[in-house]
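Here the structure comes first, spelled out in structure tokens, and everything after it is commentary.
Residue numbers (the numbering used here): 150 to 670.
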């Protein structure tokens with residue numbers, strides 16, 4: 150059999166960025182901290198880094214682990230790596246040493262770029278992954294490592310050459326698991342990242358005139374999209390090094406930001422700050438809530454407080470944005486996460502693995518052109534996530550008769566008590582109405598008779614003056630069925646969250662699901 154020819158092209162991500170770099174060289178492209186780069190300045194830096202990486206021996210298709218905070222160098226790597234055909238594996242600086250080692254091993258990392266202050270915490274096993282490769286550092290100098298600034302400075306002034314790349318070459322491997330379970334490196338090609346950026350821009354009318362604010366970790370796909378979307382369309386990106394609500398508001402006002410996607414935990418803090426200070430954000434044209442679900446009360450207050458369009462979306466790293474709740478939809482369907490995007494289809498799969506009718510809860514499955522390219526070297530894991538050409542999200546939800554999706558939580562979070570499914574969100578929605586509750590999470594507790602019962606982890610607005618637990622119990626008695634009643638209550642100062650503000654329910658389950666002598670708080 151004659152082998153199929155491999156399609157080759159120069160980096161589509163780099164080509165788009167280069168086009169706008171030459172079309173509008175003096176326009177502001179990137180702001181990060183005190184650093185500001187025009188398109189001309191950023192293009193010069195990207196080309197120098199790409200030439201330096203290639204001269205150092207980085208070859209097309211080789212995997213580069215990236216351990217950096219939000220910084221200009223991270224953006225340079227995204228663009229320069231695209232030009233030379235590197236496969237980048239970004240990961241959180243906060244990951245435990247053994248988890249980092251596992252994730253980088255699963256992704257076959259050959260080279261490392263790390264923040265200087267983080268190098269000392271890398272395990273010998275992690276460092277060994279790049280023993281025959283290249284090691285670069287940003288920030289502090291480290292013996293045996295080459296500063297990334299030296300790589301840029303060493304580049305020649307000759308015209309840059311962008312190699313032809315296979316069109317199915319991975320661009321990013323994003324780790325979807327680390328500290329628990331087997332790491333699953335998620336494959337994203339350059340074309341997939343471009344489709345996702347274009348889809349987001351079309352959905353929210355983002356143009357070259359917009360100033361886009363990114364305030365989530367750049368190792369995650371959300372911030373990557375918020376950086377690439379403006380830089381591949383001639384707009385301006387403002388990348389925050391660290392998030393605080395006051396810094397976010399200052400960034401919007403200082404740089405006249407017009408569009409952003411923020412995570413729900415950020416939005417709650419931003420809302421509290423705006424209410425406390427009476428500030429307004431007149432430059433903001435559109436703001437979107439992503440990642441973790443916002444409660445209906447917070448949505449109402451944000452819509453009332455903000456002068457811009459407010460949306461909420463649902464998605465996952467594997468599928469990007471799948472649904473959108475527009476301002477018009479929020480008028481009547483505030484508790485939902487909206488309807489499917491154009492070209493995207495949502496179905497709900499029941500326990501038998503087949504679609505169920507409207508109003509029935511089950512697993513959310515999505516067919517979308519933004520689907521990732523599977524998990525790196527894990528065909529069985531990839532196949533297990535598919536129902537035909539639909540991606541099985543592992544999330545629970547239901548569709549109403551108008552096609553609006555209601556998110557009910559993760560499948561692993563279901564509480565099965567006496568054979569009956571209890572959805573944590575049903576409990577959390579009732580308890581969240583209590584004025585003293587800052588946040589809460591319902592989790593399964595092991596029970597000898599029923600298999601599992603509901604437990605409730607609580608954080609109060611005023612920990613020094615907590616309400617009586619019997620008041621919470623009374624609220625549950627009024628709003629929930631017998632089988633949904635929480636049997637144990639645990640009070641904490643703050644619910645644990647991951648980098649994107651989602652409550653870390655695996656940690657809560659590990660901590661509280663098998664209490665030796667569970668006692669109400």
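Even glycine gets a Cβ: it sits at the ideal position worked out from N, Cα and C.
- When the beta-carbon positions are compared, residue 389 and residue 469 stay at least 9 angstroms from each other.
- Taking every protein chain shown into account, the CB of residue 526 has fewer than 16 other CB atoms within 10 angstroms, so this residue is exposed.
- By the criterion of a C-beta distance shorter than 6 angstroms, residue 191 is surrounded in its chain by 178, 179, once the five residues flanking it on both sides are discounted.
- For residue 438, the enclosing beta strand (DSSP E) starts and ends at 435–439.
- The DSSP-derived three-state label of residue 369 is coil.
- Here residue 345 is buried, its C-beta having at least 16 other C-beta atoms within 10 Å.
- Taking residue 643 as the centre and dropping the five residues before and after it, the same chain places the C-beta of 608 closer than 7 angstroms to its C-beta, in chain order.
- Boundaries of the alpha helix (DSSP H) harbouring residue 190: 188–205, taken from the DSSP string.
- When Cβ pairs closer than 8 angstroms are counted between the two stretches, the region 405–424 is seen not to touch the region 624–637, the count staying below three.
- Nearest to residue 499 by alpha-carbon distance, out of 473, 492, 544, is 544.
- Classified as buried, residue 203 has 16 or more neighbouring CB atoms from the shown chains inside 10 Å of its CB.
- Cβ contact annotation for residue 552 (same chain, cutoff 6 angstroms, sequence separation greater than five): 488, in chain order.
- With fewer than 16 other beta carbons inside 10 angstroms of its own, residue 424 counts as exposed.
- With a 10 Å radius around the Cβ and a threshold of 16 neighbouring Cβ atoms, residue 167 comes out buried.
- For residue 639, the enclosing beta strand (DSSP E) covers residues 635–640.
- Annotation: the region 293–344 contains the following complete segments of the alpha helix (DSSP H) (minimum length 4 residues), in chain order: 297–302.
- Distance between residue 561 and residue 377, taken at the CA atoms: about 33 angstroms.
- Between the alpha carbons of residue 620 and residue 640 lies a distance of about 14 angstroms.
- Annotation: residue 593 is outside any alpha helix (DSSP H); the continuous beta strand (DSSP E) that includes it extends over 586–596.
- The residues 362, 364, 387, 389, 406, in chain order, have a CB closer than 8 angstroms to that of residue 400 in the same chain once the five nearest residues on each side in sequence are set aside.
- The beta carbon of residue 514 sits closer than 6 angstroms to the beta carbons of 496, 498, 536, 539, 541 from its chain, once the five residues preceding and following it are set aside; these are given in chain order.
- Of the candidates 503, 325, 460, 492, 460 places its Cα closest to the Cα of residue 485.
- By DSSP's assignment, residue 286 forms a beta bridge with 263, 296.
- A contact between stretches requires three or more CB pairs, one per stretch, nearer than 8 angstroms, and the region 603–617 meets this requirement with the region 583–592.
- Burial is judged here by how many other beta carbons sit within 10 angstroms of a residue's own beta carbon; residue 172 has fewer than 16 and is exposed.
- A distance below 7 angstroms between beta-carbons, with the five flanking residues on each side excluded, links residue 288 to the following residues of its chain, in chain order: 264, 265, 266.
- The continuous alpha helix (DSSP H) containing residue 573 extends over residues 573–580.
- DSSP places residue 493 outside both helix and strand once states are collapsed to three, so it counts as coil.
- Residue 324 and residue 351 have their alpha carbons spaced roughly 27 angstroms apart.
- Judged by DSSP secondary structure, residue 232 falls within the alpha helix (DSSP H) whose first and last residues are 221–233.
- If you compare the alpha carbons of 182, 450, 454, 473 with that of residue 439, the shortest gap goes to 473.
- Around the C-beta of residue 383, 16 or more other C-beta atoms lie within 10 Å, and the residue is accordingly described as buried.
- In the DSSP assignment, the residues bridged to residue 239 are 215.
- Residue 391 sits in coil when the DSSP states are folded into three classes, being neither helix nor strand.
- Per DSSP, residue 281 has no beta bridge partner at all.
- Secondary structure at residue 423: helix, using DSSP grouped into helix, strand and coil.
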